[in-house]
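In our numbering, the protein residues as written are 1 to 363.
For every residue, glycine included, the Cβ atom is placed at its ideal position computed from N, Cα and C.
As the structure is a computational prediction, the values presented were derived from the model and not from experiment.
This is the structure:
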């Protein structure tokens, strides 16, 4: 950006999946768009660990799964972007872990019908959409601090820059948008309440990714799945690539955020000890281990999220799917969707709906 004022038809706040979809559709209909992202790169809650030498995706740090038989919007976008899915690996016994002093039990566990992974990970969706953007549309590292709406349009302030447009699409977690952006005039009470009441899916979780030279558990007749009452991983799954190269496991850390923050130095070792307990000594030799603690990301998680029990978002009230300020404000984050809120399907659907509302017709 060469100056402090950049005009466009639409400003989109948040370059996660919903914001990228809305931006793509608006550009296709001839609207000029400025896409602002608070973080260092696009994707929002979609993030992957990459091999430092090759750049290859080693595994997902955010969402991993889609359900093509039940998610037509996912199928639509995968086809459009030339991507494909493969079945989640679930062949073999799972490990039932009751802690260091108890014997691990092995037995099959029921899977989920239709559960699948996107080849290259969900980040492949993000990369494909970003590749379609013209130069100068996406601006990263610019958290939005203020939105002013009047009869002439909207003015958005972000890290010392001022942007103006006719409309703004808010594609960032609702609690973050409500608490960290100064809205002028103030948002209607009912809307602000609905935003505060909407949890951000997976925002309080930490996801561990453990990469190995081979998927050795498969050779031993195991699925890579763990169900644990002891932790630190309360559940784990095989997250290997389609051809099992790279091979990896992922798990959700059961320790609450304050415990994770106070015990960072020993969490990796505790995870490896649990995997050795479940899968044997080969589990002691990962090539990489990474824990992504989403609760520590201020652009994703708020104190309101940390204060509540973890729950999957329900379909929220209609007020979150309605345009506001005479159509100048539209919301597009995954939790606003009336299908699969919080999931990849919900993000895609919310971005499409927001673009339709901005355009005033179906796109």
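Option in 254, 241, 233 with minimal Cα separation from residue 273: Taking the chain shown and counting its residues from 1, the one referred to as residue 273 is at position 273. Measuring from the Cα of residue 273, the nearest candidate turns out to be 233.
Within the region 205-236, ranges of the beta strand (DSSP E) (whole runs, at least 3 residues): 206-212, 222-228, all fully within the region 205-236.
Which one of 239, 185, 220 has the shortest CA to CA distance from residue 211? Within the chain shown, the letter at position 211 stands for residue 211. Nearest C-alpha to residue 211: 239.
Quick one: grab the DSSP three-state call for residue 273. Numbered from 1 along the chain shown, position 273 holds the residue referred to as residue 273. Residue state, collapsed to three classes: helix.
Take every Cβ of the region 47-59, pair it with every Cβ of the region 165-175, and state whether three or more of those distances are shorter than 8 Å. Segments in contact, no.
For residue 81, collect the residues of the same chain with a Cβ closer than 6 Å to its Cβ; drop the 5 residues on either side in sequence, then sort them by chain order. Sequence index remark: in the chain shown, residue 81 carries index 81 (1-based). Hits under 6 Å: 128.
Validate contact between the region 312-321 and the region 195-210 using beta carbons, cut 8 Å, 3 pairs: In short, these stretches touch, since the Cβ pair count reaches three.
Alpha-carbon to alpha-carbon, residue 95 and residue 271: Looking up residue 271 in the chain shown gives position 271. Looking up residue 95 in the chain shown gives position 95. Approximately 14 Å, taken between the alpha carbons.
Would you report the Cα separation of residue 158 and residue 135, rounded to the nearest angstrom? Within the chain shown, the letter at position 158 stands for residue 158. Within the chain shown, the letter at position 135 stands for residue 135. Residue 158 and residue 135 have their C-alpha atoms roughly 19 Å apart.
For residue 143, which residues in the same chain have their Cβ closer than 6 Å to its Cβ, ignoring the five residues on either side in sequence? Residue mapping note: residue 143 aligns to position 143 of the chain shown, counting from 1. For residue 143, where only same-chain residues beyond five positions count, the Cβ hits under 6 Å are 38.
Cβ-based neighbour list, residue 126, same chain, cut-off 7 Å, excluding 5 preceding and 5 following: As a working note, residue 126 is residue 126 in the chain shown. The answer, listed in chain order, is 17, 20, 42, 43, 46.
Among 298, 305, 217, 343, the one whose alpha carbon lies nearest that of residue 286: If you number the chain shown from 1, residue 286 lands on position 286. Looking at the Cα atoms, 217 is the closest of the given residues.
For the region 171-191 and the region 218-237, state whether three or more C-beta atom pairs, one from each stretch, are separated by less than 8 Å. With fewer than three CB-CB distances shorter than 8 Å, the region 171-191 does not count as touching the region 218-237.
For residue 175, does the count of other Cβ atoms within 10 angstroms reach 16, so buried, or fall short, so exposed? The sequence position of residue 175 within the chain shown is 175, counting from 1. When all chains shown are included, residue 175 counts as buried.
At which residues does the beta strand (DSSP E) containing residue 344 begin and terminate? The count along the chain shown starts at 1 and reaches residue 344 at position 344. Careful: residue 344 lies outside any beta strand (DSSP E), inside the alpha helix (DSSP H) at 344-359.
Taking residue 194 as part of the alpha helix (DSSP H), name the residues at either end of that continuous run. Taking the chain shown and counting its residues from 1, one reaches residue 194 at position 194. Following the DSSP letters along the chain, one finds residue 194 inside the alpha helix (DSSP H) bounded by residues 189-196.
Between residue 119 and residue 87, is the Cβ-Cβ spacing less than 8 Å? Counting from 1 along the chain shown, the entry for residue 119 is found at position 119. Counting from 1 along the chain shown, the entry for residue 87 is found at position 87. No, the pair does not count as a contact, with Cβ atoms beyond the cut-off.
Return the first residue and the last residue of the beta strand (DSSP E) that residue 258 is part of. What you label residue 258 is simply residue 258 of the chain shown in a count that begins at 1. Where residue 258 is concerned, there is no enclosing beta strand (DSSP E), although the alpha helix (DSSP H) around it starts and stops at 257-262.
Euclidean distance between Cα positions of residue 356 and residue 149: Residue mapping note: residue 356 aligns to position 356 of the chain shown, counting from 1. Residue mapping note: residue 149 aligns to position 149 of the chain shown, counting from 1. One C-alpha to the other measures close to 20 Å.
Any idea what DSSP makes of residue 281, helix, strand or coil? Within the chain shown, numbered from 1, the residue matching residue 281 stands at position 281. If DSSP states are grouped into helix, strand and coil, residue 281 belongs with the helices.
Taking the beta carbon of residue 246 as the centre, do at least 16 other beta carbons fall within 10 Å, making it buried, or is it exposed? One-based indexing of the chain shown puts residue 246 at position 246. Under this definition residue 246 is a buried residue.
Can you pull the DSSP bridge partners for residue 329? Taking the first residue of the chain shown as 1, we reach residue 329 at position 329. Secondary-structure assignment with DSSP links residue 329 through a beta bridge to 168, 324.
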